[in-house]
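Residue 2 is where the sequence shown starts when you use our numbering, and the numbers rise one by one after that. Heads up, the beta-carbon is just placed ideally off N, CA and C, and yes, glycines get one too. These numbers were taken from a predicted model, which means no experiment stands behind them. These notes concern the structure reproduced below.
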Amino acid sequence: AAFQASTTSTATESSYELIDTARLAPRFYITGSFLNENEKKLLRNFCEKHNCEHEPIVTERTTHVVLSKVDDKKCCAKKGEKYYQGILHGAWIVSTSWLRAGMNEPEPAPENEFEVQIDKQGFVGGPMRGRLRRGINGPLFANTHFVFAGHVPDVKRFEVTMAFVRTGGARVSQVSESDLVARRVAFDIAPGSKIILHVEEQGERRYVEHFIPYAKAIGAHAIVHDPF
2 AAFQASTTST ATESSYELID TARLAPRFYI TGSFLNENEK KLLRNFCEKH NCEHEPIVTE
62 RTTHVVLSKV DDKKCCAKKG EKYYQGILHG AWIVSTSWLR AGMNEPEPAP ENEFEVQIDK
122 QGFVGGPMRG RLRRGINGPL FANTHFVFAG HVPDVKRFEV TMAFVRTGGA RVSQVSESDL
182 VARRVAFDIA PGSKIILHVE EQGERRYVEH FIPYAKAIGA HAIVHDPF
């Protein structure tokens with residue numbers, strides 16, 4: 002029996018509909034900090050309405066950290082790791098009022114009207130400086146060398162702190178109690194780096210006898226403790 006081949010066609014660019022994949026990607030990547038159950042629901046509804054993705058933790062792609070407990074003066078009453086990680090990654094640090102404003106409009110509200118400006122300790126402008134630095138001057142702690150010295154009273158908190166400064170681009174070293182007391186420089190100092198000595202908080206005698214002399218021995222620019 003005779004067999005007739007079926008007609009074939011060659012695919013061309015005109016055979017397909019071109020889709021703008023940028024329209025399919027989430028507009029924002031948002032995480033919340035210290036949100037109560039109603040605020041968590043508000044965040045979920047906001048993400049659904051405006052095609053955003055809710056993140057449980059701060060990541061490199063996080064664009065917004067929504068903070069609860071922010072008063073009308075844009076002062077936050079409570080900060081946590083997400084607050085500091087958001088600053089490191091240059092994300093917007095905004096109050097939950099930003100979510101509420103966005104639920105009443107077809108587009109999210111301008112963030113600068115809701116950006117956290119100050120905290121209860123009196124530190125001003127940290128979120129803005131972190132945001133403006135993103136992608137321009139590199140990581141927040143670039144060319145910074147953190148030296149953790151002496152006894153570690155809380156190992157878990159210590160590990161979180163070291164991970165935090167590493168995320169910000171810092172170099173990290175640790176020296177023992179004996180090195181601290183003997184004022185030994187037990188690590189390599191990178192040329193041109195700003196050295197920050199991190200110590201456990203203790204009394205004035207400890208600072209005078211050990212911390213300050215060791216800071217001078219290693220050429221530290223500052224002595225800090227418990228950044229969280």
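Beta-carbon proximity of N121 to C76, cut-off 8 Å: In the sequence shown, counting from the first residue as 1, residue 121 sits at position 120. In the sequence shown, counting from the first residue as 1, residue 76 sits at position 75. In the sequence as displayed, the identity of residue 121 is Lys instead of Asn. Against a cut-off of 8 Å, the Cβ pair of C76 and K121 comes out as a contact.
For Q122, the three-state DSSP class (helix, strand or coil): The residue given as residue 122 occupies position 121 in the sequence shown. Q122 falls in the coil class under three-state DSSP.
Buried/exposed call for V95, threshold 16 Cβ in 10 Å: For the purposes of this step, residue 95 is identified with residue 94 of the sequence shown, where counting begins at 1. So V95 counts as buried.
T22 to R28 span [Cα, whole Å]: If you number the sequence shown from 1, residue 22 lands on position 21. If you number the sequence shown from 1, residue 28 lands on position 27. With a pLDDT of only 48 at T22, under the threshold of 50, the placement of this residue in the model should not be trusted, and no figure is reported.
Every unbroken beta strand (DSSP E) within the stretch 30 to 89, with a cutoff of 3 residues, ordered by chain: 30 to 34, 65 to 68
Residue range of the unbroken beta strand (DSSP E) whose run includes R172: Along the sequence shown, read from residue 1 onward, the residue named residue 172 stands at position 171. Element bounds for R172: 172 to 176.
CA-to-CA distance, V117 to A221, given in whole angstroms: By one-based count along the sequence shown, residue 221 stands at place 220. By one-based count along the sequence shown, residue 117 stands at place 116. C-alpha separation (whole angstroms): 31 Å.
I196, enclosing beta strand (DSSP E) - first and last residue: The residue labelled residue 196 in the question sits at position 195 within the sequence shown. Segment 195 to 199, the beta strand (DSSP E) holding I196.
Coil, strand or helix - A223 by DSSP: To locate residue 223, count along the sequence shown from 1; it is residue 222. The answer is strand: DSSP assigns A223 an E or B state.
Residue range of the beta strand (DSSP E) that includes T162: Here residue 162 refers to the residue found at position 161 when the sequence shown is read from its first residue. It is not in any beta strand (DSSP E) - T162 instead sits in the alpha helix (DSSP H) that spans 156 to 168.
Rounded straight-line distance, which links the Cα of K70 to that of F159: Position 158 of the sequence shown, counted from the first residue, corresponds to residue 159. Position 69 of the sequence shown, counted from the first residue, corresponds to residue 70. Going by the C-alpha atoms only, they are around 26 Å apart.
Alpha-carbon to alpha-carbon, L36 and V173: Taking the sequence shown and counting its residues from 1, one reaches residue 173 at position 172. Taking the sequence shown and counting its residues from 1, one reaches residue 36 at position 35. Their backbone Cα atoms lie some 33 Å apart in a straight line.
Own chain partners of V176 with C-beta closer than 6 Å, once the 5 adjacent residues on each side are dropped: Position 175 of the sequence shown, counting from 1, holds the residue named residue 176. Taken in chain order, the residues that qualify are A150, A187.
Alpha-carbon spacing of V156 relative to Y85, whole angstroms: Position 155 of the sequence shown, counted from the first residue, corresponds to residue 156. Position 84 of the sequence shown, counted from the first residue, corresponds to residue 85. So the alpha carbons of these two residues sit roughly 19 Å apart.
Distance between H51 and H199 (C-alpha atoms, nearest Å): Along the sequence shown, one-based indexing puts residue 199 at 198. Along the sequence shown, one-based indexing puts residue 51 at 50. Answer to the nearest angstrom: the Cα atoms are 42 Å apart.
Same chain, Cβ closer than 7 Å to K83, five either side skipped, listed in chain order: Along the sequence shown, read from residue 1 onward, the residue named residue 83 stands at position 82. Only T32, S34, V59, V66 meet the Cβ criterion.
Residues sharing a beta bridge with H146, DSSP: As a working note, residue 146 is residue 145 in the sequence shown. Per DSSP, R172, I196.
Between the CA atoms of G81 and E38 - distance to the nearest angstrom: In the sequence shown, residue 38 corresponds to position 37, counting from 1. In the sequence shown, residue 81 corresponds to position 80, counting from 1. The alpha-carbon atoms of E38 and G81 are separated by roughly 18 Å.
Beta-carbon proximity list for N144, same chain, < 7 Å, skipping 5 on both sides: Position 143 of the sequence shown holds residue 144. Closer than 7 Å at Cβ, skipping near neighbours: G193, S194, K195.
Reduced DSSP category for I213 - H, G, I as helix; E, B as strand; rest coil: Your numbering for residue 213 matches position 212 in the sequence shown. In this structure, I213 counts as helix in the three-state DSSP scheme.
6 Å CB neighbourhood of D180 in its chain, flanking five on each side removed: Numbered from its first residue, the sequence shown carries residue 180 at position 179. The residues are A187.
Secondary structure of E202, DSSP reduced to three states: On the sequence shown, residue 202 is found 201 positions in, with the first residue counted as 1. The answer is coil: DSSP assigns E202 none of H, G, I, E or B.
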